[in-house]
Amino acid sequence: MRKQFKETVMDLSLSDGRIIMICGDVSVYLFNAFKEKYPDRFYNMGISENTLISVGAGLAAQGFHPFVHTIAPFITERSYEQIKLDMCYNRFGGNIVSCGASFDYAWDGATHHAYTDLAILRLLPGMEVIQPGSTKELDILLRSQYNNGNPTYFRLSDHPHTIDIPVEFGRGVAIKDGGCDVTVMTAGPLLENVLEACRDLPVNLVYFQTIKPIDTGLIYRFHDTRIIVVHDAFGLKEAICEVPNLSVTYHGMPDMFCGWYGALKDIREKLKLDPQSIREMIVRNLEQS
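Take this note's numbering: the last position of the sequence shown gets the number 272, and nothing is skipped along the way.
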């Protein structure tokens, strides 16, 4: 997904001289072509995430369109105060583009895991929160939102899904709508596992690319079904529950740190977010109805 990020920014920069890249010692070589073509619009500021956000906010205040980019927990959890005050409180736009998602850096442990970013950022007034699941989704959403004057968070993963579905900011997608009593809702790259898990089961399947603003109209369409939120982070379930009087259960992150190491696939299996475990959970819910 980072490669698509680079290609989209390079393309947008051909016609928009206000785009500026601000990196935190991540993806620096990936953006070499940008740096060579626009040396006065590329800054690698090192491991100083709070400063990255403050500089991005200052550039936005002067009419530029900054892209602030580094690993997810460092640019969100560590820099939450700067995002809140420098960007959101001042109503300065700009783009925070993270990499690593929840467990792309599974082998690096809890310091590099991020599963609260979506949840905490959606609480900030004026913040847009986007979790693209594929390179197509990233390309379309980046183009539509990067210069709209709002602070926008894009959560990238190096393990995108390859499912081709419609993309529009603020709109979810009903991938399966069979009038079933149970509706599975998910977001991001995990869609691949979820779709495989429930492909031939009698459930509806709803997918979100935008976490804030969440598509409340689509959620309400399934308000009289039992909703199961399957997600590898916090934030989606909380956004869905903005619609009142729903019956919602959550299958995803436990109330504990992830102390396991390995690859993304290993962590998902431990969390029971692999296709087989998701399917077994859905079947148990169907048997209870």
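Glycine residues also receive a C-beta, built at the ideal position from the N, C-alpha and C atoms.
Practice problem: Measure the C-alpha to C-alpha separation of G77 and G218 and round it to an integer number of angstroms. | Solution: Using only the alpha carbons, I get a separation of about 21 angstroms.
Self-check item: Endpoints, beta strand (DSSP E) assigned at K255
Solution: First-last for K255: undefined, no H or E at that position.
Quiz item: Grouping DSSP H, G and I as helix and E and B as strand, with all else coil, what is R138?
Solution: strand
Quiz item: Under a three-way DSSP split, which group does H275 fall into?
Solution: The structure shown does not extend to residue 275, since the chain is modelled only from -16 to 272, so the question has no answer here.
Exercise. Under the assumption that K255 contacts A222 (Cβ atoms under 8 angstroms), give the Cβ distance between them as a whole number of angstroms.
Key: No, K255 and A222 are not in contact; Cβ-Cβ is about 22 angstroms, not under 8 angstroms.
Quiz item: In the structure shown, what three-state DSSP assignment does T118 receive?
Solution: helix
Exercise. Count the other C-beta atoms from every protein chain shown that fall within 10 angstroms of the C-beta of F191, then say buried if there are 16 or more, exposed otherwise.
Key: buried
Practice problem: Could you check the C-alpha separation between P237 and S31 for me, to the nearest Å? | Solution: Spanning the two alpha carbons is a distance of roughly 30 angstroms.
Practice problem: Using only alpha-carbon positions, find the residue among M28, L(-3), L(-5), R1 that is nearest to V11. | Solution: Among M28, L(-3), L(-5), R1, the Cα nearest to that of V11 belongs to M28.
Quiz item: For the beta strand (DSSP E) that contains M168, what are its first and last residues?
Solution: 165 to 170
Practice problem: Determine, using beta-carbon pairs with one atom in the region 173 to 182 and one in the region 123 to 132, whether at least three such pairs fall under 8 angstroms. | Solution: no
Quiz item: Tell me which same chain residues have a C-beta within less than 8 angstroms of the C-beta of R(-15), skipping the five on either side of it?
Solution: S10, L13, C82, L139, D141.
Quiz item: By a C-beta neighbour count over all protein chains shown, 10 Å radius and 16 as the cutoff for buried, is Y72 buried or exposed?
Solution: exposed
Quiz item: Near D198, which residues of its chain fall below 8 angstroms by C-beta distance, leaving aside the five closest residues on each side in sequence?
Solution: G153, R154, G155, F191
Exercise. Starting from M4, follow its DSSP beta bridges and name the residues at the other end.
Key: According to DSSP, which records beta bridges pairwise, M4 is partnered with F25, F50.
Quiz item: Quick one, which of I158, I146, L201 has its alpha-carbon nearest P172's?
Solution: I146
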